[in-house]
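K.L.:
If you count by my numbering, then the sequence shown holds residues 4 to 291, one letter each, in order. Glycine included, every Cβ here is placed at the ideal spot set by N, Cα and C. Okay, here's the structure, questions in a sec.
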Amino acid sequence: MAPRVASVIPLRTEENTEASLRTEVCRSERDIHHRARDSERYRNYRARAAIPLLTRSPGVIRRYSANEATGMSRLILADSQVIFRTGAASILTSESEFLVVAQCANTRRLLPVLDRFPEAIILFASRLTPDPRAVIQRVATAERRSIVVAENGELTEPWFSVGARGAIDRQVSGAALINCVRRVARGERRVQADGMAEKAIRMDEVGSGVCKQLTLTELLVLGQILQGCRNKEIASCLHTTVPRVRSCLRDIYEKTGAADRLELVLFSFQHRELAEAAQSASRFLLVA
């Protein structure tokens, strides 16, 4: 027969009383918070059932009733870079005149949204996958307002010629972004974000200066790097040795200020004149 164990009843001291009171207070506060949250959810549910929403599609940042959305400029953001897209949406929705109705990461999700919101202004990336040209063709045929998000150093004139109303770059300030969207919403054409033209000129000057400093061999090496070639492949193509290619690459790093291969590629694509010179030298090598 198992021995009986006497239960130990803790003494009701002052410390135990204070601890139990604190526990009861915490429980009461938690219950009040849960009841308030549940009642708020119920009110929101009733409001959603009574007021027609503008849209329920994924990517919507805020929901407005039909009366609240009257007079607001509807916007669609299409960009594969989530950070830039979210930041632009946050800046634009801080203004009461703009309403972001959808965000899309590719053209496959964007095209159905265009049919749903035919009056919306479209901000789309120039490198939107898989084909940004499909977007601009759809926009141009319907005479819709669109703003292209150009990469740093990219020319905007080709986009204007095929129907884009405005252009910004990825380094655009919040005030310049809002001003560009406002002007496009008013019906203006060929609108560039403030400071974009001056920035492009400065970047071309930097690219031109670096291009003048590079030798022909360095341009040939850079052209091969832009094509994704390794040092061994570059040495074979230039009929030289791998140490010679490495030495040439170090000189290129010093002249461009790049720390590694990736920074060098990004630097080259940001400065159009440098990239074109390197690619032209590479094509000349292939012909020779």
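#1: Under the assumption that V103 contacts F127 (Cβ atoms under 8 angstroms), give the Cβ distance between them as a whole number of angstroms.
#2: Distance, Cα to Cα, D172 vs A188?
#3: Got a sec? Which residues, its chain only, sit under 7 angstroms from C183 by beta carbon, not counting five neighbours each side?
#4: Please name the residue or residues paired with R192 in a DSSP beta bridge.
#5: To the nearest angstrom, how far is it from the Cα of C251 to the Cα of E154?
#6: If you follow the alpha helix (DSSP H) that A92 is part of, which residue opens it and which one closes it?
#7: Can you tell which of E122, R111, S76 has its C-alpha closest to the C-alpha of F101?
#8: Flag this pair as yes or no: are the beta carbons of V248 and A238 separated by less than 8 angstroms?
#9: Classify E266: buried if its beta carbon has 16 or more other beta carbons within 10 angstroms, exposed otherwise.
#10: Which whole-angstrom value is the C-beta distance of I125 and I181, which I expect to be below 8 angstroms?
#11: Report the partner residues of S76 according to the DSSP bridge assignment.
#12: Let me know the secondary structure DSSP gives G226 once reduced to three states.
P.N.:
Taking the definition as stated:
#1: Contact between V103 and F127 is ruled out by a C-beta separation of about 13 angstroms, above the 8 angstroms threshold.
#2: Their Cα atoms are separated by approximately 18 angstroms.
#3: Setting aside the 5 residues that flank it on each side, C183 is surrounded in the same chain by I150, G169, I171, V194, A196, each with a C-beta closer than 7 angstroms to its C-beta; the list follows chain order.
#4: Paired residue(s): none; R192 is not in a bridge.
#5: C251 and E154: Cα-Cα distance of roughly 28 angstroms.
#6: Note, A92: alpha helix (DSSP H), 85-96.
#7: Out of E122, R111, S76, S76 has the C-alpha closest to the C-alpha of F101.
#8: In this structure, A238 lies closer than 8 angstroms to V248 by Cβ.
#9: It counts as exposed.
#10: Contact between I125 and I181 does not hold, since their C-beta atoms are separated by about 16 angstroms, which reaches or exceeds 8 angstroms.
#11: Per the DSSP secondary-structure output, S76 pairs in a beta bridge with F101.
#12: Helix.
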